[in-house]
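In what follows, a structure is listed as structure tokens, so that the remarks can point back to it.
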Amino acid sequence: MTTRKTALLLLLPGLAFLLVGFLVPSLAMLVAPPGVGTGEVLGRVGQMLTDPYDLRIIGRTVGLGLIVTVVCVVLGFPIAYLLARSTSRWSSVLLALAIFPLLLSNVVRTFGWLVVLGSQGAIGQLLVGLGLVDRAPQLLYTELAIVLGLTQLFLPLAIISCYSAVAQVDAGLDDAARGLGASRSRTFWGIVVPLSSPGIVVAATLVFAGSVTAYTTPYLLGGSSQRMLSTQLFSYSSVTIDWAGASATALIMTVLVFVVSGLSSLVARKGATQ
Amino acid sequence: MTRTSTPRTSTTVGAGTASTAARASKPARSSKTPGTGRPVAGTLAVAGYVVMIVPILFVVATAFTGGRTLTFPPQGFSLQWFEKAVTYAPFTGALVSSLQLAVLATVIALAVGVPVTLAIHRGRLPGKGLIEGMFLSPLIVPELVVGLALYQQLMIGFGLANFPTLLIGHTALMMPYAVRVTGASLALADPSLEEAARGLGASPVRAFFTVTLPLLRPGIFSAALLSFVTSFNNVPLSLLLQSRDFRTLPVTMLDYVQQSYDPMVAAMATLILAATVVVAVVAERTVGFAKIFGGINK
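Sequence lines, in order, name chains A and B. If you read the first sequence in this note's numbering, its first letter stands for residue 921, the second for the next number, and so on. If you read the second sequence in this note's numbering, its first letter stands for residue 28, the second for the next number, and so on.
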């Protein structure tokens, strides 16, 4: 396999799958859906960016994405930090427990919130049972439900990204700072957080990109009253069969993810040169 | 997050003597159990675990209910919903479809993906970084967008049936795992071993099967596991490319939840959970759990 010819032959079958199963259809869909011109798709994008109903969906998608990103970093970083610094043998069990949900179906994970938040669910029944409320409050099909579901979904990703970053920061530095008289919180904010910031950037990017494109969670927990770009895309392509709308929604979603990934690699590069 | 320095300082004073004693005997680490002495971080960590794990426990609890609805607390204990779930034809049919698709797509992804890895890491190719980036690109494009694209262009545009379309799509989406995860173990393998085998007279094919492939085994196993799980759990592609004859299990379950609100889905979800635990234990025993996921996120 030293010759260029053999290498190309090895590459070919994989390349064919990638082109037919991903690259060509994706590009074709964005520029020319069946029976719709490129101009029409772009016109539709312009329409969506000015229409109040569509803007609310875009705003909800971006807004909830940002909230979930912040929540995942705020909860995930401490978990990663404690696990990376702990010498307890429980820490490997807790790490496995944090990674395990990544293997588990999104449908199964999200379904749990129906049981917890539903009108007959655990929280509602508890509040009624304690006599705090007369009727179970509406928790399902709210933005809160979507935030909880997406946090559950993407927290493991945040933990892994932060964990590998924290683990690379020499624990001796913590001890040196503490030995020189810095408080625990000063060591944390002055040493651990800045040195593991590349991992935090990766975590935030992965969580945001995942949140603004996830389908199962907004579908099950948000329903039709709390539409997001993903559920809107499905509705255009399978319910109303509006190809221009579907492609325009897909285009907005893709651009959103690309811009955030681009920004994050820019931040990472800037951090690396400093 | 607000900087709550007050509770931190107050506990440092209390725990001060203990941690000084610990430092004297064990200089490298100051805390033994996770969370000790770090109340804010500890509280946030507990909250994180609650959000990740507790909803799953509720699914299991309701699956064993004796009642007819998804009520909490469950009414009595019974296995009736498990019995219903495993005899409900749409679920069993969809399970078979999901397994077929996941196994086939994994095998194809590895069969075409491992040669790509070899070409990238061992071949003399111009623009290697660009080629690798191209094979990793399915990770950045939203899956729902890919699903829509394949539906429009292959199923409607070319009149391809839904199973081949799904298979092509799932295979393309797994390519990043096949290329990057096996690439990580190939990068660790010393190329001079293969050269030594060639120098001793082995044919390129023989050198590959007797030297390179065994070195790649952990990477291939990790990639296969990730690919299988990703395909089996996939919703966005499988949702847009479904047909009446071929639907995967997650899509069928989503549809069922929307129509009726009984604990049968909880029972099916519990069975999937049990199977996933088995997969996780196997992964942990063979390559190590953290390693598999470490490979894709670094």
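Note that CB positions come from ideal geometry on N, CA and C, so glycine has one too. These figures come from a predicted structure and were not determined experimentally.
Inter-residue spacing [alpha-carbon to alpha-carbon] between residue i and residue j
{"i": "B/Ala-90", "j": "A/Thr-1107", "result": "47 Å"}
{"i": "B/Gly-93", "j": "B/Phe-99", "result": "12 Å"}
{"i": "B/Ala-48", "j": "A/Ala-1102", "result": "At B/Ala-48, the pLDDT of 38 sits below 50, so the modelled position is not reliable; the number obtained from the coordinates is stated separately. Rounded to whole angstroms, B/Ala-48 to A/Ala-1102 spans 18 Å at the Cα level."}
{"i": "B/Arg-56", "j": "B/Phe-248", "result": "Only weak support exists for where B/Arg-56 lies, its pLDDT of 42 falling under 50; the coordinates are left without a value."}
{"i": "A/Gly-963", "j": "B/Val-256", "result": "39 Å"}
{"i": "A/Ala-1096", "j": "B/Glu-311", "result": "35 Å"}
{"i": "B/Gln-286", "j": "A/Ser-1008", "result": "47 Å"}
{"i": "A/Val-940", "j": "A/Leu-1047", "result": "53 Å"}
{"i": "B/Thr-236", "j": "A/Thr-926", "result": "The residue asked about is misnamed: residue 236 of chain B is Phe in this sequence, not Thr. Those two C-alpha atoms are separated by around 16 Å."}
{"i": "A/Leu-1126", "j": "B/Arg-225", "result": "43 Å"}
{"i": "B/Ala-199", "j": "A/Leu-1186", "result": "28 Å"}
{"i": "B/Leu-137", "j": "B/Asp-217", "result": "21 Å"}
{"i": "B/Val-86", "j": "B/Ala-302", "result": "15 Å"}
{"i": "B/Val-123", "j": "B/Leu-276", "result": "8 Å"}
{"i": "A/Leu-947", "j": "A/Val-1180", "result": "20 Å"}
{"i": "B/Leu-220", "j": "B/Leu-240", "result": "12 Å"}
{"i": "A/Ala-1170", "j": "A/Leu-1141", "result": "21 Å"}
{"i": "A/Arg-980", "j": "B/Leu-264", "result": "23 Å"}
{"i": "A/Asp-1090", "j": "B/Leu-71", "result": "23 Å"}
{"i": "A/Tyr-1083", "j": "A/Ile-978", "result": "32 Å"}
{"i": "A/Gly-1044", "j": "A/Leu-1176", "result": "36 Å"}
{"i": "A/Phe-1178", "j": "B/Ile-167", "result": "8 Å"}
{"i": "A/Asp-974", "j": "A/Met-968", "result": "5 Å"}
{"i": "A/Ala-1000", "j": "B/Pro-117", "result": "41 Å"}
Within chain B, the residues that residue i reaches when beta carbons sit closer than 8 Å
{"i": "A/Tyr-911", "result": "Outside the displayed range of chain A (921 to 1194) lies residue 911 of chain A, so it cannot be described from this structure."}
{"i": "A/Pro-972", "result": "Chain B residues near A/Pro-972: none, gap ~24 Å exceeds 8 Å."}
{"i": "A/Trp-1040", "result": "For the record, residue 1040 of chain A in the displayed sequence is Gln; it is not Trp. Chain B residues near A/Gln-1040: Thr-96, Leu-97, Thr-98, Phe-99."}
{"i": "A/Phe-1074", "result": "Ordered by position in chain B, no residue passes the 8 Å Cβ test against A/Phe-1074, which lies about 10 Å from the chain."}
{"i": "A/Leu-1183", "result": "Near A/Leu-1183 there are no residues of chain B at all, since even the closest Cβ is about 13 Å away, more than 8 Å."}
Bridge partners - residue i, DSSP secondary structure assignment
{"i": "B/Thr-92", "result": "B/Phe-104"}
Identity of the residue in the options nearest residue i by Cα
{"i": "A/Leu-1024", "options": "B/Met-295, B/His-197, B/Val-143", "result": "B/Met-295"}
{"i": "A/Arg-976", "options": "A/Glu-1063, A/Gly-957, A/Arg-1029", "result": "A/Glu-1063"}
{"i": "A/Gly-1206", "options": "A/Ser-1167, A/Pro-1076, A/Val-990, A/Val-1127", "result": "Nothing can be reported for residue 1206 of chain A: it is not among the residues displayed for chain A, which extend from 921 to 1194."}
{"i": "B/Leu-177", "options": "B/Leu-276, B/Leu-194, B/Ala-88", "result": "B/Leu-194"}
{"i": "B/Phe-104", "options": "B/Val-309, B/Phe-185, B/Phe-316, B/Pro-290", "result": "B/Pro-290"}
{"i": "A/Leu-995", "options": "B/Ala-68, B/Asn-189, B/Leu-126", "result": "B/Ala-68"}
{"i": "A/Val-1036", "options": "B/Pro-66, B/Gly-196, B/Ala-88, B/Leu-126", "result": "B/Ala-88"}
{"i": "A/Ala-952", "options": "A/Thr-1137, A/Gly-1165, A/Ser-1011", "result": "A/Gly-1165"}
{"i": "B/Leu-213", "options": "B/Leu-97, B/Leu-126, B/Arg-274, B/Ala-250", "result": "B/Ala-250"}
{"i": "B/Thr-119", "options": "B/Ala-307, B/Val-292, B/Glu-221, B/Val-314", "result": "B/Val-292"}
{"i": "B/Val-173", "options": "A/Pro-933, A/Ser-1116, A/Leu-950", "result": "A/Leu-950"}
{"i": "A/Trp-1163", "options": "A/Leu-947, A/Ala-1018, A/Leu-1068, A/Pro-954", "result": "A/Pro-954"}
{"i": "A/Ala-1085", "options": "A/Ser-1012, A/Arg-1005, A/Tyr-1156, A/Thr-1160", "result": "A/Arg-1005"}
{"i": "A/Val-1027", "options": "B/Val-308, B/Ala-307, B/Thr-313, B/Phe-259", "result": "B/Phe-259"}
{"i": "B/Lys-318", "options": "B/Glu-170, B/Pro-245, B/Ala-132", "result": "B/Pro-245"}
{"i": "B/Val-130", "options": "B/Tyr-288, B/Val-143, B/Pro-142, B/His-197", "result": "B/His-197"}
{"i": "A/Leu-943", "options": "B/Leu-243, B/Gln-180, B/Ala-211", "result": "B/Gln-180"}
{"i": "B/Pro-165", "options": "B/Thr-133, B/Met-201, B/Asp-272, B/Ser-125", "result": "B/Met-201"}
{"i": "A/Tyr-1135", "options": "A/Ala-1000, A/Ser-1011, A/Leu-1073, A/Pro-945", "result": "A/Leu-1073"}
{"i": "B/Val-139", "options": "A/Met-1173, A/Pro-933, A/Ser-1158", "result": "A/Pro-933"}
{"i": "A/Val-990", "options": "A/Ala-1124, A/Ser-1184, A/Gly-1130, A/Leu-1034", "result": "A/Ala-1124"}
{"i": "B/Val-206", "options": "B/Arg-65, B/Trp-108, B/Arg-274, B/Leu-243", "result": "B/Leu-243"}
{"i": "A/Gly-983", "options": "A/Lys-1190, A/Thr-1160, A/Ser-1131", "result": "A/Ser-1131"}
{"i": "B/Arg-95", "options": "A/Thr-1174, A/Ala-1078, A/Gln-1040, A/Met-1173", "result": "A/Gln-1040"}
Contact set between residue i and chain A, taken where Cβ atoms lie within less than 8 Å
{"i": "B/Phe-162", "result": "Gly-934, Leu-938"}
{"i": "B/Glu-311", "result": "Ala-1016"}
{"i": "B/Val-173", "result": "Phe-942, Pro-945, Ser-946"}
Within chain B, partners of residue i - CB distance below 9 Å
{"i": "A/Ala-948", "result": "Ala-176, Gln-179, Gln-180, Gly-184"}
{"i": "A/Gln-1045", "result": "Thr-98, Phe-99, Pro-100"}
{"i": "A/Val-1027", "result": "Asn-260, Val-262, Leu-276, Pro-277, Val-278, Met-280, Leu-281, Val-284, Val-292, Ala-296, Ile-299"}
Partner residues on chain A for residue i, Cβ-Cβ distance less than 7 Å
{"i": "B/Ala-72", "result": "Pro-998, Ile-999, Leu-1002"}
{"i": "B/Gly-263", "result": "It should be pointed out that residue 263 of chain B corresponds to Pro in this sequence rather than to Gly. The answer, in chain order, is Tyr-1135."}
{"i": "B/Thr-89", "result": "Val-1035"}
Listed by chain order, chain A residues near residue i by CB distance under 9 Å
{"i": "B/Ala-129", "result": "What B/Ala-129 touches in chain A: nothing, since even the nearest Cβ is about 12 Å away."}
{"i": "B/Glu-110", "result": "Residues of chain A passing the Cβ test: none, with the nearest at roughly 19 Å."}
Interface partners of residue i on chain B, CB under 7 Å
{"i": "A/Gly-1032", "result": "Pro-82, Ile-83, Phe-85, Val-86"}
{"i": "A/Phe-1020", "result": "Ala-307"}
{"i": "A/Pro-953", "result": "Gln-179"}
{"i": "A/Leu-1186", "result": "Result: empty, since nearest Cβ-Cβ is about 15 Å, beyond 7 Å."}
{"i": "A/Ser-1153", "result": "The amino acid occupying residue 1153 of chain A in the given sequence is Leu; Ser does not appear at that position. Here the neighbours are Leu-171, Leu-175."}
heavy atom of the ligand FAD below 7 Å from residue i C-beta
{"i": "B/Phe-190", "result": "Judged by which ligands are present, the structure shown has none, so any question about the ligand FAD falls away."}
### Message
Would the region 111-127 of chain B count as touching the region 225-241 of chain B if we require 3 or more Cβ pairs under 8 Å?
### Response
With a cut-off of 8 Å, the region 225-241 of chain B and the region 111-127 of chain B do not count as touching, because too few Cβ pairs lie within range.
### Task
Give a yes or no on contact between the region 73-90 of chain B and the region 268-281 of chain B, applying the rule of three or more CB pairs nearer than 8 Å.
Contact between the region 73-90 of chain B and the region 268-281 of chain B is absent, because fewer than three Cβ pairs lie under 8 Å.
### Task
Flag this pair as touching only if the region 145-153 of chain B and the region 1143-1152 of chain A have three or more C-beta atom pairs under 8 Å; answer yes or no.
The region 145-153 of chain B vs the region 1143-1152 of chain A: no contact.
### Query
At a cut of 8 Å, does the region 1149-1156 of chain A reach the region 1068-1078 of chain A through at least three beta carbon pairs?
Contact between the region 1149-1156 of chain A and the region 1068-1078 of chain A is absent, because fewer than three Cβ pairs lie under 8 Å.
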